[in-house]
Amino acid sequence: MRVGVEIGGTFTDLVSVGPNGVNVTKVPSVPIRPDEGAFAALAVAGIELETTTDFVHGSTVATNAVLERKGGKLAFLVTQGFRDILLIQRHDRTRIFDLFYQKPVPLVARQDSFEIPERVLSDGTIERAFDCDALTPSLTQFLERGGYDAVAICLLNAFANPTHETAVAALVKRLAPHIEVTISYDVTREFREYERASTTTIAAYVQPVISAYLGRIEAKLAAQNFKGHFSIMQSNGGRIPAAAMRRSAVTALLSGPAAGVVGALRHVGLSGFSDIITLDIGGTSADVCLVTDGKPQLLRESKIGGLPVQMPMVDIATIGAGGGSIVWMDDGGMLRVGPRSSGAHPGPACYGRGGNLPTLTDAHVICGRLRPDALLAGSMSLDAAASERVFAPLAYKLGMSVEVLAESAIRIATANVVSAIRVVSTERGRDPRGYALVPFGGAGPLHAADVADALELDTVVVPPNAGVISAYGLLAADYSINESQTRRTLIDHNAADVVRETVRALMKELHGRADALDLSGTRLFDITLDMRFVGQAFELVVPVDPTQIESVTSESLLAAFMAEHHKIYRHGAGSRTQVEIVSYRAGLHVAQKDIPALVTGALPDRGKRTGAVFEQGRRIDATVLPRSAFSDGNAVNGPAVIEDYTTTIWMPAGWRAEADGHDNLVMRKLP
Numbered sequence: 001m002r003v004g005v006e007i008g009g010t011f012t013d014l015v016s017v018g019p020n021g022v023n024v025t026k027v028p029s030v031p032i033r034p035d036e037g038a039f040a041a042l043a044v045a046g047i048e049l050e051t052t053t054d055f056v057h058g059s060t061v062a063t064n065a066v067l068e069r070k071g072g073k074l075a076f077l078v079t080q081g082f083r084d085i086l087l088i089q090r091h092d093r094t095r096i097f098d099l100f101y102q103k104p105v106p107l108v109a110r111q112d113s114f115e116i117p118e119r120v121l122s123d124g125t126i127e128r129a130f131d132c133d134a135l136t137p138s139l140t141q142f143l144e145r146g147g148y149d150a151v152a153i154c155l156l157n158a159f160a161n162p163t164h165e166t167a168v169a170a171l172v173k174r175l176a177p178h179i180e181v182t183i184s185y186d187v188t189r190e191f192r193e194y195e196r197a198s199t200t201t202i203a204a205y206v207q208p209v210i211s212a213y214l215g216r217i218e219a220k221l222a223a224q225n226f227k228g229h230f231s232i233m234q235s236n237g238g239r240i241p242a243a244a245m246r247r248s249a250v251t252a253l254l255s256g257p258a259a260g261v262v263g264a265l266r267h268v269g270l271s272g273f274s275d276i277i278t279l280d281i282g283g284t285s286a287d288v289c290l291v292t293d294g295k296p297q298l299l300r301e302s303k304i305g306g307l308p309v310q311m312p313m314v315d316i317a318t319i320g321a322g323g324g325s326i327v328w329m330d331d332g333g334m335l336r337v338g339p340r341s342s343g344a345h346p347g348p349a350c351y352g353r354g355g356n357l358p359t360l361t362d363a364h365v366i367c368g369r370l371r372p373d374a375l376l377a378g379s380m381s382l383d384a385a386a387s388e389r390v391f392a393p394l395a396y397k398l399g400m401s402v403e404v405l406a407e408s409a410i411r412i413a414t415a416n417v418v419s420a421i422r423v424v425s426t427e428r429g430r431d432p433r434g435y436a437l438v439p440f441g442g443a444g445p446l447h448a449a450d451v452a453d454a455l456e457l458d459t460v461v462v463p464p465n466a467g468v469i470s471a472y473g474l475l476a477a478d479y480s481i482n483e484s485q486t487r488r489t490l491i492d493h494n495a496a497d498v499v500r501e502t503v504r505a506l507m508k509e510l511h512g513r514a515d516a517l518d519l520s521g522t523r524l525f526d527i528t529l530d531m532r533f534v535g536q537a538f539e540l541v542v543p544v545d546p547t548q549i550e551s552v553t554s555e556s557l558l559a560a561f562m563a564e565h566h567k568i569y570r571h572g573a574g575s576r577t578q579v580e581i582v583s584y585r586a587g588l589h590v591a592q593k594d595i596p597a598l599v600t601g602a603l604p605d606r607g608k609r610t611g612a613v614f615e616q617g618r619r620i621d622a623t624v625l626p627r628s629a630f631s632d633g634n635a636v637n638g639p640a641v642i643e644d645y646t647t648t649i650w651m652p653a654g655w656r657a658e659a660d661g662h663d664n665l666v667m668r669k670l671p
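First residue of the sequence shown? That's 1 in UniProt numbering, and the numbers climb one at a time after it.
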């Protein structure tokens, strides 16, 4: 038995694979104690952990700790003269027209920063040695006064020479053995001091939270005689054993959305779709990602709460447009949707749990896309009268009917999703019109056709049981570990030798880490180089075939960079412009095998019927049918409401749907 459990803002999803095939379960999340939601899902599914061999988990615990500032109390140790690096940050403004703009508040207060007398140069040369004995008295006083849970150590140029960082870490552990210590060299070995310092402090900040969270889960697993493998999803789209996650908690940021991308790609890939745009709309947020040739783009750096994270993450754009997003009117009288959400408790009004604010889910109920007699997750009924009741006051203020207001809210949410997709497509130099849209999550398929129309996409592919694709992705994800190293290398006659030497070292290190984690199976590598013209401030990611490393030449490196530059900017540069490598990146992956496909969930068979849907300002008749009606190769034209076990699909007029041999529902735009 293998089990994947993904905790979302509203629901906790479970997918199990065992002797009885694939089974799915959805239960309400418990935001205050998310691990309780995970074990509630195990109980409802009837999972016996004693016979479970693989338990994979994904959650937003690390993300929430940063966003809600609920991590451990943190001390920051930095090279003398760099105490204010987290406060100074960069000089860019993310909102240039905001007169009241303020930089993101660091996770460490200035009084909790401590300067270390030492200096390492950018080439690793020690200019000023670290004196352990001289530092001990003042550092002891600093640590005793602060009452810290964790210490982040980020010394200047430690990526080139970590000698001083490791010495300071050893001193801290000797003086305060109860405090968790994180050094930048173990988190990110890349240049750019502010970004490296920010990543290190985030890693240290969430470490106590993740350690406590994993400890609670491990204790509960042990109490139920679980003896299998326990692993956690990472932001890069791969999983890692829980023991390793304790030492690298920062990699757990955005693990849930990354799992959804993996699950969607794995399932629709069975039908031959490799260029896709994923659309994950759950209860709290909407996440979109562009996948080309079967590979999602990895960002070298992202942000969380405005703070940079120098860590590989799947390129996902997130907006507050989930099913629980609240519909409201701003001070200027404009209608808004999100980002505030009703969450799991009380949830949308139609759930009957005390929700008293209009939400996007309620809007779908009012418009008839979600049927009052539908059973969400096979058991939850909907209260249409409650949805109309919470929308009525806002409709009165705006001088429109409840139906028009609900449809307007849906259109605003759809427009927000379209804007997010343009961020990961056209703003990255990709034309989305050559891609298929793959919606999932509880609400993704409700918006998919409208989003596709706006982007001029002609194909939408909905996996079976799309509401639990993220949990499925946990099981389908490879084990993955990554490493990077900043080493500036000019592309000259010596470059190929330096590249081979550096890549070999990274691959050897990854092999060693994989051996320590007991990752058995076929190991595959991916290698990328951060390259730029000499004098530029930022780099392009240039992929390199790991099987061709031994035969790489300066000419082939230069050609690969020029090709990538032309693909993005549509122009090259003169031959006299020098090119350099700034950083090297390597990833090791161990693929999961024998993960069966999902199947359409079983709902009470009420046959094909007709229902009223409010669309484009009027009531129309739409076909209402279960997704199982497509199992015999039937095709249906829109307008239609298609009910699945974990989601509902809205298909407007002008679209046609049929299931393929892998139970993926393929919707195509009619000519």
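All C-beta atoms, glycine included, are put in the ideal place defined by N, C-alpha and C.
Bridge partners for residue i per DSSP, in chain order?
i, result
"His164", "Answer by DSSP bridge pairing: none, since His164 is not bridged."
"His229", "Asp54"
"Pro308", "Lys303"
"Ser113", "Phe76"
"Ser425", "Answer is none; Ser425 lacks a bridge partner."
"Asn637", "Arg656"
Residues in its own chain within less than 7 angstroms of residue i by CB, not counting five upstream and five downstream?
i, result
"residue 755", "Beyond the ends of the chain as shown, which are 1 and 671, falls residue 755; an answer cannot be given."
"Phe391", "Pro358, Asp362, Ile366, Val402, Leu405, Ala406"
"Glu388", "Ile366, Val402"
"Thr486", "Phe159, Arg189, Glu190, Phe191, Val582, Ser583"
"Val17", "Arg2, Leu475, Ile595, Pro596"
Can you round the beta-carbon distance between residue i and residue j to whole angstroms, since I take them to be within the 8 angstroms contact cut?
i, j, result
"residue 678", "Val151", "The chain is shown from 1 up to 671; residue 678 falls before or after that span and cannot be answered."
"Asp275", "Gly434", "6 angstroms"
"Leu299", "Asp315", "5 angstroms"
"Gly587", "Thr284", "So it is not a contact: roughly 30 angstroms between Cβ atoms."
"Gly343", "Gly324", "6 angstroms"
"Ser271", "Asp660", "5 angstroms"
"Glu165", "Ile179", "At roughly 16 angstroms, the Cβ-Cβ gap does not stay under 8 angstroms, so Glu165 and Ile179 are not in contact."
"Thr647", "Ala466", "5 angstroms"
"Gln141", "Glu115", "Their Cβ separation, rounded to whole angstroms, is 14 angstroms, which puts Gln141 and Glu115 out of contact at 8 angstroms."
"Ala286", "Ala452", "Actually they are not in contact, since the Cβ atoms of Ala286 and Ala452 sit about 15 angstroms apart, beyond 8 angstroms."
"Leu254", "Val291", "Wrong, their Cβ atoms sit about 16 angstroms apart, outside the cutoff."
"Val461", "Phe230", "With 8 angstroms as the limit, Val461 and Phe230 do not qualify as a contact, their Cβ atoms being about 32 angstroms apart."
Does the CB of residue i have a neighbour CB from chain C at under 7 angstroms?
i, result
"Asn23", "In the displayed structure, chain C is absent; only one protein chain is listed."
Identify, in the order they occur along the chain, each residue of the same chain with its Cβ nearer than 8 angstroms to the Cβ of residue i, setting aside the five sequence neighbours on each side.
i, result
"Leu540", "Asp530, Met531, Arg532, Phe561, Glu564, His565, Ile568"
"Lys220", "Asp35, Phe39"
"Ala395", "Ser401, Val402, Val404, Leu405"
"Leu74", "Leu107, Val108, Asp112, Tyr148, Asp149, Ala150, Val151, Ala152, Thr201, Ala204, Tyr205"
"Phe226", "Leu49, Glu50, Thr52, Phe55"
"Ser122", "Asn157, Ala160, Phe191"
Could you tell me if residue i is buried or exposed, where buried requires 16 or more neighbouring beta carbons within 10 angstroms of its beta carbon?
i, result
"Pro162", "buried"
"Met329", "exposed"
"His493", "exposed"
"residue 675", "Absent from the model: residue 675. The displayed extent of the chain is 1 to 671, so no value can be given."
"Met651", "buried"
"Asp515", "exposed"
"His364", "buried"
"His91", "exposed"
"Arg69", "exposed"
"Ser636", "First, the amino acid is wrong: residue 636 is Val here, not Ser. Buried, by the Cβ-count rule."
"Met334", "exposed"
"Glu195", "buried"
What residues in its chain sit with their C-beta under 6 angstroms from that of residue i, if we drop five residues either side in the sequence?
i, result
"Gln297", "Asp315"
"Asp13", "Glu6, Lys26, Val468, Ala471"
"Ala384", "Val365, Pro372"
"Asp450", "Thr414"
"Pro312", "Asn236, Leu298, Asn482"
"Val534", "Gln578, Glu580"
"Val30", "Glu36, Gly37"
Compute the minimum distance between the beta carbon of residue i and the heavy atoms of the ligand SAH, and state whether it is under 6 angstroms.
i, result
"Ala392", "In terms of ligand content, the structure shown is empty, and the ligand SAH therefore cannot be addressed."
Are at least three pairs of beta-carbons, each pair with one atom in the region 91–108 and one in the region 125–137, less than 8 angstroms apart? These segments do not touch.
So, does the region 621–640 touch the region 408–425, judging by three or more C-beta pairs under 8 angstroms? As far as the Cβ criterion goes, the region 621–640 does not touch the region 408–425, which means the pair count is below three.
Is it true that the region 257–267 meets the region 470–484, where meeting means three or more beta-carbon pairs spaced less than 8 angstroms apart? The region 257–267, when compared against the region 470–484, does touch it at the 8 angstroms Cβ threshold.
Any 3 or more C-beta pairs closer than 8 angstroms across the region 433–448 and the region 238–258: Segment contact: the region 433–448 against the region 238–258, fewer than three CB-CB distances shorter than 8 angstroms; contact not assigned.
Taking contact to mean at least 3 C-beta pairs separated by less than 8 angstroms, is the region 497–517 in contact with the region 539–553? They touch, by the three-pair rule.
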